[in-house]
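A.B. asks: Residue numbers (our numbering): 12 to 103.
Note that beta-carbon positions come from the ideal geometry of N, C-alpha and C, so glycine has one too.
I have a structure I would like to understand better, so I am pasting it below and will then ask my questions one at a time.
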């Protein structure tokens, strides 16, 4: 095999010389318009990260509160139980 044949096979396998950052779906299949997918700005990344962290904190807090409530209600149910001795006879 020659170098050109190897290069041709390599280009066919790796995407025929496309740039690494280009996406496959650059054109809308329905209307044929170019679809631009700009990179998010630093501000958007920071806002998304902070929002995700706040959402995670609220979820952890809600789960912790639910666990505490279930624990309290479980003790309340068990505290209200009254023990009755089994009846030896059915005559009262």
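For residue 45 and residue 37, which I take to be in contact (beta-carbon distance under 8 Å), what is that distance rounded to the nearest angstrom?
C.D. replies: Indexing the chain shown from 1 puts residue 45 at position 34. Indexing the chain shown from 1 puts residue 37 at position 26. Indeed, because the Cβ distance is near 6 Å, the residues count as touching under 8 Å.
A.B. asks: Return the CA-CA distance between residue 43 and residue 57, expressed in angstroms with no decimal places.
C.D. replies: What you label residue 43 is simply residue 32 of the chain shown in a count that begins at 1. What you label residue 57 is simply residue 46 of the chain shown in a count that begins at 1. Their backbone Cα atoms lie some 33 Å apart in a straight line.
A.B. asks: For the alpha helix (DSSP H) containing residue 15, name the first residue and the last one.
C.D. replies: As a first step, residue 15 must be located in the chain shown, where it is residue number 4. Note, residue 15: alpha helix (DSSP H), 14–25.
A.B. asks: Work out the CA separation of residue 66 and residue 59 for me, nearest whole Å.
C.D. replies: Your numbering for residue 59 matches position 48 in the chain shown. Your numbering for residue 66 matches position 55 in the chain shown. If I take the Cα positions, the gap works out to 10 Å.
A.B. asks: When you compare only the Cα positions, how much space is there between residue 64 and residue 40?
C.D. replies: To locate residue 64, count along the chain shown from 1; it is residue 53. To locate residue 40, count along the chain shown from 1; it is residue 29. Approximately 36 Å between the Cα atoms of the pair.
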